[in-house]
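There are 2 protein chains.
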Amino acid sequence: MFFGEYPYKVDEKGRVPLPPKFRRQMREGVILAKGMGEKCIAVYPVAEWKRLSDSLAAKAVTQANLRKLNRAIFGSAFSTSFDGQGRITLPYPLRDYAGIGDTAIVVGANKCVELWSEDEWKAEKTSAEEQASQIIESFGA
Amino acid sequence: MFFGEYPYKVDEKGRVPLPPKFRRQMREGVILAKGMGEKCIAVYPVAEWKRLSDSLAAKAVTQANLRKLNRAIFGSAFSTSFDGQGRITLPYPLRDYAGIGDTAIVVGANKCVELWSEDEWKAEKTSAEEQASQIIESFGA
DNA sequence: AGAATTGTGGGGAAAAGTGGGGAAATAGGG
DNA sequence: CCCTATTTCCCCACTTTTCCCCACAATTCT
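Protein sequence lines, in the order shown, are assigned to chains A and B. Sequential numbering from 49 applies to the first sequence in the numbering used here. Sequential numbering from 49 applies to the second sequence in the numbering used here.
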């Protein structure tokens, strides 16, 4: 389970630390991929990534669909791990896609971790909070 | 079950004690999150937090909704526990959100505990007292 | 009144954030 | 094919922050 929102510096080499609590849940390495739909980088523990890609492959019925899916999912994915200081290096295509400059917001999102630029995160947060309150209202919690 | 209203000092390191009666119900640790809708910090015992987040996740219909909701719920949440003196440390983003300075009002709210700034709490209390009689009426209680 | 528990504050050790340097690997040109 | 230039990766070092422990003052309970 991943919690919390942490701002981190991205150094000139494109390296970003993750919070120690996150690292401890990702010792076997991580997969970086484009956020699905959102302008962010998704970071999955390898086990969770396998679960996710398997369930997607099971849903693709036609060969054409499957190929398209493979390109979309695996095409943007990078496997990596932590250096001695607990940092991962962001491949340039992904960093560019998410618009991340010298600061990244690391967000815990339950099963995975997301990396956002400051601006995109601010926008996403406000819209997510609005939606959350609606769901909570309808839920009566 | 959490009752009552207690003012506590927040020291320079952002630490707040909780009343001993509350601590004894939270030995397994707590989750800090934004109060839903209100400008306060919500403190959940881990068991209650799991119940709540699971039921909310079950409510989201689409994948996009689910991701957004996860972000809103988990992104603002922090896992923590008590130090030897029965205090918890408030992460800066949450303290800032709730506008808590050097004093926090600790409020028991049945399933969870809430932390308020003096000002926000005064406003909330008066408006709650005004509306309570109406709400009770509509319940037929 | 005495003892225990609780509120409050601070100091020191450990860990985490940040930045830079050097070696190995890769790619490109001669 | 070899040499060179560039990039990538790993390791080292420093600064800051966090966490844990100790200590005192105040309040409550016996």
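Glycine is no exception: its CB is placed at the ideal position from the N, C-alpha and C atoms. Note that the coordinates shown come from a computational prediction; the quantities given were computed from them, not determined experimentally.
Presumed contact (8 Å Cβ cut-off) between residue i and residue j, rounded CB distance
{"i": "I79 (chain B)", "j": "A146 (chain B)", "result": "Contact doesn't hold; Cβ gap of about 15 Å is too wide."}
{"i": "L100 (chain A)", "j": "Y92 (chain A)", "result": "7 Å"}
{"i": "V155 (chain B)", "j": "Y56 (chain B)", "result": "In fact, because the Cβ distance is near 11 Å, the residues do not count as touching under 8 Å."}
{"i": "G85 (chain A)", "j": "A112 (chain B)", "result": "6 Å"}
When the options are compared against residue i, the one with the closest alpha-carbon
{"i": "M49 (chain B)", "options": "B:C160, B:I184, B:A180", "result": "B:C160"}
{"i": "D102 (chain B)", "options": "B:E60, B:A81, B:Q179, B:I121", "result": "B:I121"}
{"i": "P68 (chain A)", "options": "A:R115, A:R135, A:R143, A:A106", "result": "A:R135"}
{"i": "A95 (chain B)", "options": "B:D144, B:M74, B:F130", "result": "B:M74"}
{"i": "L66 (chain B)", "options": "B:E168, B:K173, B:S129", "result": "B:S129"}
{"i": "G1 (chain B)", "options": "B:S181, B:L163, B:K170, B:F187", "result": "Here chain B comprises residues numbered 49 to 189, so residue 1 (chain B) is not present and cannot be evaluated."}
{"i": "E76 (chain A)", "options": "A:S127, A:R143, A:S181", "result": "A:S127"}
{"i": "K87 (chain B)", "options": "B:A106, B:A152, B:Q111", "result": "B:A152"}
{"i": "A157 (chain A)", "options": "B:D59, B:R119, B:Y54, B:A171", "result": "B:R119"}
{"i": "V64 (chain B)", "options": "B:Q179, B:T174, B:T137, B:K173", "result": "B:T137"}
{"i": "R71 (chain B)", "options": "B:K173, B:E172, B:D131", "result": "B:D131"}
{"i": "D59 (chain B)", "options": "B:Q133, B:K98, B:D167", "result": "B:Q133"}
Run of the beta strand (DSSP E) containing residue i, from where it starts to where it stops
{"i": "V64 (chain B)", "result": "63-65"}
{"i": "T137 (chain B)", "result": "135-137"}
{"i": "F31 (chain B)", "result": "No information on residue 31 (chain B) is available, as it lies outside the stretch 49 to 189 that chain B covers here."}
{"i": "A90 (chain A)", "result": "89-93"}
{"i": "G156 (chain B)", "result": "151-157"}
Residue i, buried or exposed, once every other Cβ within 10 Å from all chains shown has been counted against 16
{"i": "G149 (chain B)", "result": "exposed"}
{"i": "K82 (chain B)", "result": "buried"}
{"i": "F51 (chain B)", "result": "exposed"}
{"i": "K116 (chain B)", "result": "buried"}
{"i": "Y140 (chain A)", "result": "exposed"}
{"i": "F187 (chain B)", "result": "exposed"}
{"i": "S181 (chain B)", "result": "exposed"}
{"i": "S165 (chain B)", "result": "buried"}
{"i": "R143 (chain B)", "result": "buried"}
{"i": "S124 (chain B)", "result": "buried"}
{"i": "K107 (chain A)", "result": "exposed"}
{"i": "V109 (chain A)", "result": "exposed"}
{"i": "A176 (chain A)", "result": "buried"}
{"i": "E53 (chain A)", "result": "buried"}
{"i": "I183 (chain B)", "result": "exposed"}
{"i": "K98 (chain A)", "result": "exposed"}
Enclosing alpha helix (DSSP H) for residue i [first to last residue]
{"i": "T174 (chain B)", "result": "166-187"}
{"i": "K82 (chain B)", "result": "K82 (chain B) -> not in any alpha helix (DSSP H); beta strand (DSSP E) instead, spanning 78-82."}
{"i": "D59 (chain B)", "result": "Per DSSP, D59 (chain B) belongs to no alpha helix (DSSP H) and is neither H nor E."}
{"i": "G123 (chain A)", "result": "111-123"}
{"i": "A146 (chain A)", "result": "140-146"}
{"i": "F70 (chain B)", "result": "68-71"}
Distance cut-off 8 Å: residue i Cβ against heavy atoms of the ligand FAD
{"i": "W97 (chain A)", "result": "Absence of the ligand FAD is noted for the structure shown, with no ligands found whatsoever."}
Interface flag, residue i vs chain A, CB-CB below 9 Å
{"i": "F122 (chain B)", "result": "yes"}
{"i": "L163 (chain B)", "result": "no"}
{"i": "I148 (chain B)", "result": "no"}
{"i": "G62 (chain B)", "result": "no"}
{"i": "F126 (chain B)", "result": "yes"}
{"i": "P139 (chain B)", "result": "yes"}
{"i": "Q111 (chain B)", "result": "yes"}
{"i": "A105 (chain B)", "result": "yes"}
{"i": "I89 (chain B)", "result": "no"}
{"i": "M84 (chain B)", "result": "yes"}
{"i": "I153 (chain B)", "result": "no"}
{"i": "I136 (chain B)", "result": "no"}
{"i": "R115 (chain B)", "result": "yes"}
Below-9 Å beta-carbon distance, residue i vs any chain B residue
{"i": "E172 (chain A)", "result": "yes"}
{"i": "N158 (chain A)", "result": "yes"}
{"i": "M74 (chain A)", "result": "no"}
{"i": "F70 (chain A)", "result": "no"}
{"i": "I183 (chain A)", "result": "yes"}
{"i": "A180 (chain A)", "result": "yes"}
{"i": "E96 (chain A)", "result": "no"}
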